[in-house]
Amino acid sequence: MEDEMKGYIKFFIVFFILWCAFLSTARPYWNKYWLELQLEAASVYGTKNSIEDTRNFLSDKMADEGFTFKGDDFLIEKDENNTVSIKITYADEISIFGLTLKELKFTAEKSSYEVKKYY
Numbered sequence: 052m053e054d055e056m057k058g059y060i061k062f063f064i065v066f067f068i069l070w071c072a073f074l075s076t077a078r079p080y081w082n083k084y085w086l087e088l089q090l091e092a093a094s095v096y097g098t099k100n101s102i103e104d105t106r107n108f109l110s111d112k113m114a115d116e117g118f119t120f121k122g123d124d125f126l127i128e129k130d131e132n133n134t135v136s137i138k139i140t141y142a143d144e145i146s147i148f149g150l151t152l153k154e155l156k157f158t159a160e161k162s163s164y165e166v167k168k169y170y
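Heads up: take any position in the sequence shown, counting from 1, add 51, and you land on my numbering.
See below:
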């Protein structure tokens with residue numbers, strides 16, 4: 052009975068460590084996915100607004116979503132056809148229990164163009 056209980060405890064500990072490792076590995080990629088969704092919303096917003104308004108909108112979105120990026124961290128470009136491109140390069144890390152296993156460099160970029168409807 053005690054051997055069986057020790058087996059369950061070992062299984063639980065190994066499962067817990069593997070689960071934490073999985074979550075720590077997935078977190079930077081999950082954050083990049085959500086960041087790209089915010090960049091897409093900001094680029095669509097930017098097709099109808101100025102670059103400075105877009106930068107402020109993006110700063111507000113980052114604060115709402117819990118990201119530490121500021122508006123000045125983003126490269127925002129807008130051409131004469133109201134095509135907006137937003138880009139950021141940043142570093143993230145895979146860490147487990149406070150120990151950094153790997154540093155990662157990411158670049159997130161989204162572009163949108165103005166859609167004009169004619170009726």
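Where is the CB? At the ideal position from N, CA and C, for every residue including glycine. Quick caveat, the model's predicted, so the values are computed rather than measured.
query, result
"Can you check DSSP and say which residues form a bridge with PHE157?", "TYR141"
"Assuming LYS61 and ALA92 form a contact by the criterion Cβ under 8 Å, report the distance between their Cβ atoms to the nearest whole angstrom.", "Actually they do not touch by this definition, with Cβ atoms about 47 Å apart."
"What does THR151 pair with, by DSSP beta-bridge criteria?", "SER146"
"For ASN133, collect the residues of the same chain with a Cβ closer than 6 Å to its Cβ; drop the 5 residues on either side in sequence, then sort them by chain order.", "THR98 and GLU165"
"Which class does VAL135 belong to by DSSP, given the choice of helix, strand or coil?", "strand"
"So what does ILE127 bridge to, in DSSP terms?", "ILE137"
"Among ASN82, TRP85, GLY117 and SER136, whose alpha-carbon lies nearest the alpha-carbon of ARG106?", "SER136"
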